[in-house]
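Note sheet for the following structure.
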Amino acid sequence: MHQSNQAPLAHWRAGHGPIAHSAETAARVDALFGTLVDTGRLADRDTGYALLAAADRLACAAMNVVAHMTYARRIDLEGRALEADDFKPVPEGHTGGALNMVPAFVGYLLANALSGHTRSWLMGQGHCAAAIEATNALTGDVSPAQAGRYDRSADGLARLITDFYSYAIGADGRPAVPLGSHAGPNTAGAISEGGYLGFAGLQYVHMPLPGERLVAFLSDGAFEEQRGSDWTPRWWRAEDCGFAVPVMILNGRRIEQRTQIGQAGGAGWLAEDVRNNGFAPLIVDGRDPAAIAWGILTADAMLEAFAADPAHRYPAALPYVIAETDKGFGFPGAGTNAAHNLPLGGNPHRDAAVRAVFNEGAQALFVPPAELDDALHTLANHDSQQRVRESLHPLAHRHPEAPVLPEPAWETAQAHGCAMHALDAWFITLVDANPDLRVRVGNPDELASNQMGDTLLRLKHRVNVPEAGVAESLHGAVITALNEEAVAAAATGNKGGLNLIVSYEAFAVKMLGMLRQEIIFARRQKELGQVPGWLSVPLVVTSHTWENAKNEQSHQDPTIGEALLGEMSDTSRVLFPVDGNTAVTALRAVYGGRGEIACLVISKRELPNRFDAAGAQALMAKGAGHVAGDPATAAVQFVAIGAYQLEEAMQAHQHLARAGHASCVTAIIEPGRLRIPRDAIEAAFVLDDAALTALFPPGLPRVLISHTRPEPMLGVLRRLDDGPAKTRALGYISRGGTFAVPGMLFANRCTWAHAVDAAAAVAGWSRDAVLDADARRALDGTGTPADLMVPVAGT
């Protein structure tokens, strides 16, 4: 080695604080530098080793700040010991994981600085946010909300430290500081809260577009909690995917015990496991930023070589970086269960012995201010490399062009048709009209059975080895696996493209955690004025509760819509189209929005087309619309939410007309538009009082017939409820079995006759005057259900 390289190399090889460099890492880095210098990406080895030494110092300083965020009220920039009053009376923080994330995140920064390319990043373990916040405060790459509040001055770091777990709340009921326990929209560069462990492992491969690069930080505990990430080699294609590199932080511990990986054999066992699932594992020292950077750059090189090989074959052996470390490395208590949260085993505010241990640990991590300034200056080579800061990475600022939304081929009103067929046909025209948008269709199973056969034929299942005569392709856009979370991840991860999820309604409940993660992050962005730019993602749930009567009660579950109606309706939309025209209108409206998750509950059997083109669009504009009768002259109003519910309401309306009673039927397609708003953002989304009153006159007796359970829907529609004497609600009452559709309606007291009976109660009529004896006996459970079971169209 030339003499000019000796000083920088020796400086780095000496390490800093607890960070040391193994002979294996040193050899790997030396070989890497040779390649980087030869290809012109690195000026010389001196420059490289200077960057590595700078990363050591940034990592130590950031780990020190993380420890102070948990325990202290301030940090002494000269390294002096803290006194009792300098500590928080009640410490809190996911300290061990955050300490482990620091070398990993700094290694990511180092990889960018060495290669001249700003990669995107994703952190699955969102509770380790302190690592990102501490590092960002030191580098100065903070979010707009944090700018001027957090920096590497004594005051700036003290604000960061005291804000952490301060539980500060504003008068508006929102957090009063731009810092939370998990990653959030105020975390510069964050794209996910990461509070739902395991979902990042499912999403990351679907995130980068061609030409983009991503580093996904994963946790070994989450690996055991949520399976499906081992399918990544089934989905990655060099032709339509960017480079996605997972970095598994393997610390071997969950909260209270070792992980199964740790018990079974650690990094070696995990390497063999992922190798068996199509990955090429790279085991690195997770305590060393240089080792992490080597893993990232080596993984990138592997993907580059595969993509450049014209003879490449799938599945690709995708790189998988395993960063082996100890839980809480760098601070006392490392490697113990206590490291997860409060590693010291005591409170330094009250206990002098524990305080001494803290100060000793902090001193080991201390970096003199001038040395830290030099390190940060060395790493801040963004301008010279003409690249953006890490907070501006592509995935953090998704905003594809607005899609072309073709005019639908409208169905003929009053004719019978399948709403899913209409949706299927329009979706294909949408895909064809937007060739620049990468398409992902998340499909647990049975896309053709769910009446989207044309979509399947056009886009095809993505597989490594297509089967002859089957709608499969190496480059298919339909991501199919019997794992609801894994296929939903394809759509929620593909934020630079056009997405659709199709599922049985009952089993879409398994997607709820993933969808909620997206909803709450996007909604928080809206609250902060950071309107998310990705195209809204529809979840179509079909083969639903009522038409899945034949398949036992496990297949009869409206929970997904009910749960999503609990979220803020401007971001978590739930729609109940009643025919082909309303289904296509609803889907078209969803794709016209941004940053929303929309659940569309759609029937796959043939039913009457109740709305023409103009009517469907008017229904969508207000969230509700009249179907039959006039509220001005009606004695009772049937309010239908769902296609089968509308048919029962229409039969009830016609029955009353024959009996000489005037009624009207109103369909609600989007209940969230009619709710009592819970904040200003939702208030701008819901219908105002005048428009609501025009649709639902106050005092008019009303019978709701809901696709969902009646109680949650009645709560959402509180503005329509004039009390038990004037309003009744029917819906799914958790009764099911192997039935026909009319039997399912009867079992849940949702037939036309039950609606008429409820109407008589709220209108003050005698039930004897509107229902014959056979119907009354059937309603009372003493007659024959068949007397009420008018066949539903398409059943």
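Residues in the sequence shown are numbered consecutively from 2, following the numbering used here. Virtual Cβ for every residue (Gly too), placed ideally from N, Cα, C.
Tell me the rounded alpha-carbon separation between residue 795 and residue 554.
In the sequence shown, the residue the question calls residue 795 occupies position 794. In the sequence shown, the residue the question calls residue 554 occupies position 553. Caution applies to residue 795, whose pLDDT of 48 falls short of 50 and renders its modelled position unreliable; the value that the coordinates give is listed next. Looking at the two C-alpha atoms, the distance is approximately 21 Å.
Please work out which residues of its chain come closer than 8 Å, Cβ to Cβ, to residue 176, disregarding the five sequence neighbours upstream and downstream, and give them in chain order.
Taking the sequence shown and counting its residues from 1, one reaches residue 176 at position 175. Contacts found: 169, 170.
Note down the Cα distance separating residue 336 from residue 268, rounded to an integer number of angstroms.
To locate residue 336, count along the sequence shown from 1; it is residue 335. To locate residue 268, count along the sequence shown from 1; it is residue 267. Taking the straight line joining both Cα atoms gives about 15 Å.
Going residue by residue through the stretch 199 to 248, where are the continuous beta strand (DSSP E) segments of at least 3 residues, counting only ones entirely within it?
For the stretch 199 to 248, whole beta strand (DSSP E) runs of length 3 or above, ordered along the chain, are 214 to 220.
Counting C-beta neighbours from all protein chains within 10 Å, is the total for residue 136 16 or more, i.e. buried, or is it exposed?
Residue 136 sits at position 135 when you count from the first residue of the sequence shown. Per the 10 Å Cβ criterion, buried.
Should residue 725 be labelled buried (16 or more other beta-carbon atoms within 10 Å of its own) or exposed?
In the sequence shown, residue 725 corresponds to position 724, counting from 1. Classification for residue 725: exposed.
To the nearest angstrom, how far is the alpha carbon of residue 522 from that of residue 310?
If you number the sequence shown from 1, residue 522 lands on position 521. If you number the sequence shown from 1, residue 310 lands on position 309. Looking at the two C-alpha atoms, the distance is approximately 39 Å.
Round the Cβ separation of residue 410 and residue 426 to the nearest angstrom and send it over; I've been treating them as touching at under 8 Å.
Numbered from its first residue, the sequence shown carries residue 410 at position 409. Numbered from its first residue, the sequence shown carries residue 426 at position 425. About 6 Å separates the two Cβ atoms, so the contact holds.
Going straight from the alpha carbon of residue 429 to that of residue 320, what length do you get?
On the sequence shown, position 428 is the one that residue 429 refers to. On the sequence shown, position 319 is the one that residue 320 refers to. Rounded to whole angstroms, residue 429 to residue 320 spans 35 Å at the Cα level.
I need the straight-line Cα distance from residue 302 to residue 124, nearest angstrom please.
Translated into the one-based positions of the sequence shown, residue 302 becomes position 301. Translated into the one-based positions of the sequence shown, residue 124 becomes position 123. Distance between the alpha carbons of residue 302 and residue 124: 22 Å.
Expressed to the nearest angstrom, what Euclidean distance is found between the alpha-carbon atoms of residue 291 and residue 235?
By one-based count along the sequence shown, residue 291 stands at place 290. By one-based count along the sequence shown, residue 235 stands at place 234. Straight-line Cα distance between these residues: approximately 30 Å.
In terms of residues, what are the limits of the alpha helix (DSSP H) holding residue 31?
Here residue 31 refers to the residue found at position 30 of the sequence shown. Note, residue 31: alpha helix (DSSP H), 24 to 39.
With three or more beta-carbon pairs closer than 8 Å as the criterion, would you say the stretch 539 to 551 touches the stretch 727 to 740?
Yes, since at least three Cβ pairs between the stretch 539 to 551 and the stretch 727 to 740 fall closer than 8 Å, the two stretches touch.
Are the CB atoms of residue 592 and residue 746 within a distance shorter than 8 Å?
Numbered from its first residue, the sequence shown carries residue 746 at position 745. Numbered from its first residue, the sequence shown carries residue 592 at position 591. No, Cβ-Cβ distance for residue 746 and residue 592 is not below 8 Å.
For residue 279, tell me which candidate among 313, 247, 231 has the shortest Cα-Cα distance.
Counted from its first residue, the sequence shown places residue 279 at position 278. Answer by Cα proximity: 231.
Leaving out five residues on either side along the sequence, give the residues of the same chain with a beta carbon under 6 Å from the beta carbon of residue 2.
Translated into the one-based positions of the sequence shown, residue 2 becomes position 1. Legend: pLDDT at residue 2 = 33, less than 50; position of this residue unreliable, no value from coordinates given.
Just curious, the alpha helix (DSSP H) that residue 355 is in, first and last residue?
Start at 1 with the first residue of the sequence shown, and residue 355 comes out as number 354. Taken as a continuous stretch (DSSP letters only), the alpha helix (DSSP H) holding residue 355 covers 353 to 366.
Figure out for me which residue from 774, 729, 754 has the closest Cα to the Cα of residue 764.
Counted from its first residue, the sequence shown places residue 764 at position 763. Per the Cα distances, 729.
Helix, strand or coil: which one does DSSP assign to residue 116?
What you label residue 116 is simply residue 115 of the sequence shown in a count that begins at 1. It is helical.
Under 8 Å: do the stretch 477 to 488 and the stretch 445 to 461 share three or more Cβ pairs, one atom per stretch?
Contact between the stretch 477 to 488 and the stretch 445 to 461 is present, because at least three Cβ pairs lie under 8 Å.
To the nearest angstrom, report how far apart residue 529 and residue 74 are at their CA atoms.
Position 528 of the sequence shown, counted from the start, is the residue given in the question as residue 529. Position 73 of the sequence shown, counted from the start, is the residue given in the question as residue 74. So the alpha carbons of these two residues sit roughly 27 Å apart.
Closest to residue 243 by C-alpha separation, out of 497, 663, 138, 712, would be which residue?
Here the question's residue 243 lines up with position 242 in the sequence shown. Ranking 497, 663, 138, 712 by Cα distance to residue 243 puts 497 first.
Please return the same chain residues whose Cβ sits closer than 6 Å to the Cβ of residue 613, not counting the five positions on each side in sequence.
For this step, residue 613 is matched to residue 612 along the sequence shown. Cβ neighbours of residue 613 beyond the five flanking positions: 414.
Mapping the DSSP letters down to three states, classify residue 20 as helix, strand or coil.
Looking up residue 20 in the sequence shown gives position 19. Residue state, collapsed to three classes: strand.
Look up residue 540 in the DSSP assignment and say whether it is helix, strand or coil.
For the purposes of this step, residue 540 is taken as residue 539 along the sequence shown, with counting starting at 1. Three-state result, residue 540: strand.
Indicate whether residue 561 and residue 519 have their beta-carbon atoms separated by less than 8 Å.
Stepping through the sequence shown from its first residue, residue 561 is reached at position 560. Stepping through the sequence shown from its first residue, residue 519 is reached at position 518. Against a cut-off of 8 Å, the Cβ pair of residue 519 and residue 561 comes out as no contact.
Taking the alpha-carbon positions, what's the residue 110 to residue 293 distance?
As a working mapping, residue 110 is identified with position 109 in the sequence shown. As a working mapping, residue 293 is identified with position 292 in the sequence shown. So the alpha carbons of these two residues sit roughly 10 Å apart.
Out of 328, 373, 757, which has the shortest C-alpha to C-alpha gap to residue 17?
Locating residue 17 in the sequence shown gives position 16, where the first residue counts as 1. Among 328, 373, 757, the Cα nearest to that of residue 17 belongs to 373.
From residue 207 to residue 486, what distance separates their C-alpha atoms?
For the purposes of this step, residue 207 is taken as residue 206 along the sequence shown, with counting starting at 1. For the purposes of this step, residue 486 is taken as residue 485 along the sequence shown, with counting starting at 1. When rounded, the distance between both Cα atoms is 13 Å.
Check whether the Cβ atoms of residue 636 and residue 662 sit closer than 8 Å, and answer yes or no.
Here residue 636 is taken as the residue at index 635 of the sequence shown, counted from 1. Here residue 662 is taken as the residue at index 661 of the sequence shown, counted from 1. Against a cut-off of 8 Å, the Cβ pair of residue 662 and residue 636 comes out as a contact.
To the nearest angstrom, report how far apart residue 342 and residue 70 are at their CA atoms.
Counted from its first residue, the sequence shown places residue 342 at position 341. Counted from its first residue, the sequence shown places residue 70 at position 69. Cα-Cα distance, rounded: 12 Å.
Determine whether the beta carbon atoms of residue 602 and residue 672 lie at a separation below 8 Å.
Walking along the sequence shown from the start, residue 602 turns up at place 601. Walking along the sequence shown from the start, residue 672 turns up at place 671. No.
Can you grab the Cα-Cα spacing for the pair residue 48 / residue 340, in whole Å?
In the sequence shown, counting from the first residue as 1, residue 48 sits at position 47. In the sequence shown, counting from the first residue as 1, residue 340 sits at position 339. Distance between the alpha carbons of residue 48 and residue 340 is about 36 Å.
Check each candidate in 389, 607, 472, 323 and name the one with the smallest Cα separation from residue 418.
Position 417 of the sequence shown, counted from the first residue, corresponds to residue 418. Answer by Cα proximity: 607.
Could you tell me the distance, in whole angstroms, from the CA atom of residue 605 to the CA atom of residue 692?
Position 604 of the sequence shown, counted from the start, is the residue given in the question as residue 605. Position 691 of the sequence shown, counted from the start, is the residue given in the question as residue 692. One C-alpha to the other measures close to 32 Å.
Three or more C-beta pairs closer than 8 Å, one from the stretch 182 to 190 and one from the stretch 212 to 229: is that the case here?
No contact exists between the stretch 182 to 190 and the stretch 212 to 229.
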